[in-house]
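Asker: Protein chains in written order, with this note's numbering: chain W, 17 to 138; chain B, 61 to 619; chain S, -1 to 113.
Ideal Cβ placement from N, Cα and C applies to all residues, glycine included.
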Amino acid sequence: MPKDLLLVAIFSAAYLSFALFALSQVRHWRVVFDKALPTQREVLLLRSLGILMLSISLALSLVRDGASFGSLLWITMIGVAALAVALTLAWRPRWLRPAGKLFSFTHPDTGRVNHKMNQVKG
Amino acid sequence: MKDGFRTRMSLLHTWAGLILSGLLFAIFWTGTLSVFDKEIDRWMMPHTRIHMDTVRPLSVDREIIPLLAERAEGAKAWTIVLPAERRPFLTLAYDSAKSHIAQRNSFHPITLEPLPAPNTRGASNFIYPFHHNLTLRQNNIGALLVGIASMGMLCLLISGIVIHRRIFADFFTLRLLRGFGRANLDIHNLTGVVLLPFTIVITLSGLMIAHLIYFPKAPDAVFAQLNPASVTQERPKSKVREASRKREQDVSSENEDEITDAREGSRNSPARSRFIAESQGRVRPQAIGQPANIAAIDPMIAATESELGQGAVYMIRVSNPGDAGGVVALRLNSDNSVSQNIDNRRFSTATGEELAHFNSSSTTNIFNFIAGMHYIKFTHWPLRWLYFIAGLGACALIATGLLHWTQARNQKQGSTGFNVSFMNAHNIAAITGIISATGAFLVVNRLLNNREQFAGISSRDLEVYAFFGVWLACLLHALIRVFINKQYGYRKAWAEQCWTIALIAIAAVGLNWITTGDHLLKTLFTHTYWPVATLDLVLVISAVMAIYAARKLSVIRES
Amino acid sequence: MLKKDSRLSHQSKRGNQSAVSKWLFTTGMVAHSIAICLLCYLSSGQLVNTTGALLYHMGMPWTDAVVVTSMLGFIYLVLILLWAFSRNGVLRTWLNVSSLTGFSIFMAWIIGALA
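1. Residues bridged to arginine 45 of chain W by DSSP?
2. Are the beta-carbon atoms belonging to aspartate 383 of chain B and alanine 410 of chain B less than 9 Å from one another?
3. On the criterion of 16 or more Cβ atoms from any shown chain inside 10 Å, does arginine 68 of chain B qualify as buried, or is it exposed?
4. Using a Cβ-Cβ distance under 9 Å, would alanine 52 of chain W count as near chain B?
5. Hey, could you find the ends of the alpha helix (DSSP H) asparagine 419 of chain B is sitting in?
6. According to DSSP, is serine 313 of chain B part of a helix, a strand, or is it coil?
7. Which class does serine 84 of chain S belong to by DSSP, given the choice of helix, strand or coil?
8. Taking the alpha-carbon of isoleucine 187 of chain B as reference, which of B:Gly570, B:Trp441, B:Glu99, B:Glu512 has the nearest alpha-carbon?
9. Under the three-state reduction of DSSP, which class applies to valine 141 of chain B: helix, strand or coil?
10. Within its chain, find whatever has a CB closer than 7 Å to the CB of serine 593 of chain B; leave out the 5 residues flanking it on each side and keep chain order.
11. Is it right to say histidine 486 of chain B is buried, meaning 16 or more other beta carbons lie within 10 angstroms of its own, or is it exposed?
12. Per the DSSP calculation, serine 627 of chain B is bridged to which residue(s)?
13. Looking at the C-beta of alanine 106 of chain W, does it have a partner C-beta in chain B at a distance below 9 Å?
14. Going by Cα to Cα distance, which pick from B:Met360, B:Ala243, B:His160, B:His440 is closest to arginine 405 of chain B?
15. Scan the segment 252 to 283 of chain B for residues whose Cβ lies nearer than 7 Å to a Cβ of chain S and list them as they occur along the chain.
16. By the 10 Å Cβ neighbour count, where 16 or more other Cβ atoms means buried, how is valine 300 of chain B classified, buried or exposed?
17. Using only CA atoms, which one of B:Ala372, B:Gly369, B:Ala352 lies nearest to asparagine 380 of chain B?
18. Compute the beta-carbon to beta-carbon distance between leucine 234 of chain B and leucine 457 of chain B, rounded to the nearest angstrom, for a pair I have assumed lies under 8 Å.
19. Contact criterion: CB-CB distance below 9 Å. Does threonine 560 of chain B meet it with respect to chain S?
20. The alpha helix (DSSP H) spanning arginine 102 of chain B covers which residue range?
21. Run the proximity test for arginine 146 of chain B: is its beta-carbon closer than 8 Å to any non-hydrogen atom belonging to the ligand NAP?
22. Which residues in the same chain as lysine 462 of chain B place their Cβ atom closer than 6 Å to its Cβ, once the five residues preceding and following it in sequence are excluded?
23. Alpha carbon to alpha carbon, what distance is there between valine 65 of chain S and alanine 362 of chain B?
24. Please confirm if arginine 68 of chain B has its CB atom under 9 Å from at least one CB of chain S.
25. Among all the DSSP beta bridges, which residues are the ones paired with threonine 151 of chain B?
26. Excluding the 5 residues flanking glutamine 340 of chain B on each side, which residues of the same chain have their C-beta closer than 7 Å to its C-beta?
27. Going along chain W in order, which residues have a C-beta closer than 8 Å to the C-beta of phenylalanine 429 of chain B?
28. Are the C-beta atoms of glycine 57 of chain S and some chain B residue less than 9 Å apart?
29. Measuring only the C-alpha atoms, how far is aspartate 395 of chain B from alanine 162 of chain B?
30. Need the endpoints of the beta strand (DSSP E) that methionine 375 of chain B sits in, please.
31. Examine the Cβ distances between the segment 445 to 459 of chain B and the segment 98 to 118 of chain B and report whether three or more of them are shorter than 8 Å.
32. Any contact between the segment 31 to 48 of chain S and the segment 103 to 113 of chain S? By contact I mean 3 or more CB pairs, one from each, below 8 Å.
33. Pull up the CB-CB distance for serine 71 of chain W and methionine 93 of chain W, whole angstroms please, since I reckon it's below 8 Å.
34. Who are the Cβ neighbours of arginine 242 of chain B in its own chain at under 8 Å, not counting the five residues just before and after it?
35. For serine 16 of chain S, decide whether its Cβ has a neighbour in chain B, counting only Cβ atoms nearer than 9 Å.
36. Go through its chain and collect everything with a Cβ distance to glycine 66 of chain W's Cβ below 6 Å, but skip five positions before and after it.
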């Protein structure tokens, strides 16, 4: 059972990291935040948090399965997680708002999360 | 210069894609299915749907040797494959005085009753071989075609990255609702970038494990350095050696057969044989000619498993049983490691003493890691599923690449030249055609329901004929549709073949229920049996997706 | 990307040509590509032999040398193929690829004589 939980955790960490990467791009930023453009600092912060989450997922998979299985699991898992984020953005972009909330919680001076129906500009 | 490079890479991408993608789709599709080959086997061979939970460990001496003694009179080699999670039955293989080709029998793991002959190749003897040699074994033609396609895949992947200008800016871009062409290209770019590590590794490892087919002269060239005279001296003998090698392959076990065939092809020079023996530890002990008793094998297994862990031995191979020079080789499973474990433990049949065993070198272990990564013999279900999903993603990558070319040309009004029409038909046959063919393979298997032959043709072959027949029919259907109506015929063909896939998938699930009584409610809830339940579920899901696609395609036609 | 392709394809560059010369051109390009691929394969095979022999002389057991060099061979082949198809113009491609093939055969021959 802890192994299954770890699996979920690995996926969630990878998913979250790609969600943060996506938020650092203007097109996806606009879906979540009410500020038009992220500042340089925010982009940097989002991306470094993304890298952090990605390394957490790597660490978790190494803990779960050891070096050889762990690295293989991580490489395939991040591919699937990135696909999942892209699908989320394609179908339900607003589902990324929790990730945005999480981010503005760690970094309060980033505009509030936008709750108005925002036009998704492709 | 930089831009010139990019344009030439784009030309390479277009042409290599046009020529090789049909083949590549077939290879990736069958490869993806081979991830679950043993599970498909269970579905196709209903009497092997055995629960492993209740199986107790078997005693080789008390239970298995008597079975062999009464069947394998005068055999030069016995192969015992113990029951395992994904192969829940005991397999015994042995040659006879009459034939070098090993006879193979399966037994129930609890009652040890012989199981009826499967009368089907199943996935592991048709879909899996198709994946690596297209079932064209003569002169390794199939393997060479697969090699050319794989090399093309690597060139396609790298050139694709070069010509994709905005990798990071478009990383998550997936505009599914903005017209077919846009969505299609986005899927192509997304799967191409996101699955790049997987596709590169799987393609490269697929090539590397068959290096003896693709670089057949390498062992000779290096061996000539070690022993300059060898090349000229040993040449006359090579014919004899080749013949004996062929015989060895015939008597070797199922598992080895799969691997040797995938790796080495059929020809072997002396240097190659020595390479295989020294690097992979596959040697064939010679008989001395003095009769001897067979020592107890269970203690050998117990000794090995106390050293390496419970269940470490998966296969026992007894060479020259009843001879003083006989050898018992215990092959170790690869359940718990990515790399394929080719080490063994060897004992004398006559005395039961441990002999020197084979341990692969650390360099060979790197090779074994790469090979194991491709063969996925290990027990790691999440990873197996991830491979399956990534494989499907790679199929989508290839399919969208093909569609991108035709779609851009179909949209230009009035420009339906022969090339475009041909590629339209080709795409339909390459994508929906092989999916329908795979479905037909399953349906015919359940229609025949384990009978030995039908209308004078053995069931084993009939299933394969159905596969290729349906594939051919799909091609003909696509050609007819496309050439009757050059402008819109292809859409009709796509829609119709999607309906066919849905129909076949539903029929397969239904026939499985009718012929074996294993319906989804039973395999999921009352008598849970995951291999069959999962395949049925996947079939139902693909039917739903095919119906969705078919309806979408019809809507587009009307508008 | 698409517009680019059509601008690039040699047929459209040559505009109004007869069908025969178009087909001749296509067949020629196909033959050219196949020949280039075969030469690339040949030179990668020779490089594999050379590397294998070198590795053996550097002290690797011969079976390991075979494994390593064969695995490297596929990477050689991809790189050579990409390099060959990124050359500018048919003539230059032939010049480059055939000199590489010549070089690799020469190397393999030297190493073979070294034994």
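Answerer: In brief:
1. First, the amino acid is wrong: residue 45 of chain W is tryptophan here, not arginine. According to DSSP, tryptophan 45 of chain W bridges with nothing at all.
2. With respect to alanine 410 of chain B, aspartate 383 of chain B sits close: the two C-beta atoms are nearer than 9 Å.
3. A residue is called buried when at least 16 other Cβ atoms come within 10 angstroms of its Cβ; arginine 68 of chain B meets this threshold and is buried.
4. It does not: the Cβ of alanine 52 of chain W has no partner Cβ on chain B nearer than 9 Å.
5. Neither: asparagine 419 of chain B is in no alpha helix (DSSP H) and is coded neither H nor E.
6. Because the pLDDT at serine 313 of chain B is just 36, under 50, the model does not fix this residue reliably, and the value given afterwards should be weighed accordingly. Looking at serine 313 of chain B - three-state DSSP - the assignment turns out to be coil, as it is neither helix nor strand.
7. Reduced to three states, the DSSP call for serine 84 of chain S is coil.
8. Shortest Cα-Cα distance from isoleucine 187 of chain B to any of B:Gly570, B:Trp441, B:Glu99, B:Glu512 involves B:Glu99.
9. It is a strand residue.
10. According to the sequence shown, residue 593 of chain B is alanine rather than serine. Annotation for alanine 593 of chain B: Leu580, Thr583, Leu584 place their beta carbon closer than 7 Å to its own, counting only its chain and skipping 5 residues before and after.
11. When all chains shown are included, histidine 486 of chain B counts as buried.
12. The question about residue 627 of chain B has no answer, for chain B in this structure spans 61 to 619.
13. Yes, alanine 106 of chain W counts as interfacial toward chain B.
14. The residue with the shortest Cα to Cα distance from arginine 405 of chain B is B:Met360.
15. From the segment 252 to 283 of chain B, only Leu264, Leu267, Met268, His271, Phe275, Lys277, Ala278, Pro279, Ala281, Val282, Phe283 have a Cβ closer than 7 Å to chain S.
16. The pLDDT assigned to valine 300 of chain B is 44, lower than 50, so where the model puts this residue is not dependable, and the model offers no usable value.
17. Of the candidates B:Ala372, B:Gly369, B:Ala352, the one whose C-alpha sits nearest the C-alpha of asparagine 380 of chain B is B:Ala352.
18. For a cut-off of 8 Å, the C-beta gap from leucine 234 of chain B to leucine 457 of chain B is around 13 Å, too long to register as a contact.
19. Not one beta carbon of chain S lies nearer than 9 Å to the beta carbon of threonine 560 of chain B.
20. Segment 97 to 104, the alpha helix (DSSP H) holding arginine 102 of chain B.
21. This structure simply doesn't include the ligand NAP, nor any ligand for that matter.
22. Here the sequence assigns leucine to residue 462 of chain B, which means lysine is not the residue at that position. The residues are Ser81, Asn487.
23. Computed Cα separation, rounded: 34 Å.
24. Chain S contact via Cβ: present.
25. B:Val141, B:Ser166.
26. Excluding sequence neighbours, glutamine 340 of chain B sits near Ile402.
27. Correct list: Ser84.
28. The Cβ of glycine 57 of chain S sits no closer than 9 Å to any Cβ of chain B.
29. Approximately 26 Å, taken between the alpha carbons.
30. Counting along the chain, the beta strand (DSSP E) containing methionine 375 of chain B begins and ends at 373 to 379.
31. Under the 8 Å Cβ criterion, the segment 445 to 459 of chain B does not count as touching the segment 98 to 118 of chain B, having fewer than three qualifying pairs.
32. Yes, the segment 31 to 48 of chain S is in contact with the segment 103 to 113 of chain S.
33. Rounded, the Cβ-Cβ distance is 13 Å, inconsistent with contact.
34. Residues of the same chain with a CB within less than 8 Å of the CB of arginine 242 of chain B, apart from the 5 flanking positions on each side, are Arg235 in chain order.
35. Not one chain B Cβ lies under 9 Å of serine 16 of chain S.
36. For glycine 66 of chain W, where only same-chain residues beyond five positions count, the Cβ hits under 6 Å are Ser33, Leu36, Phe37.
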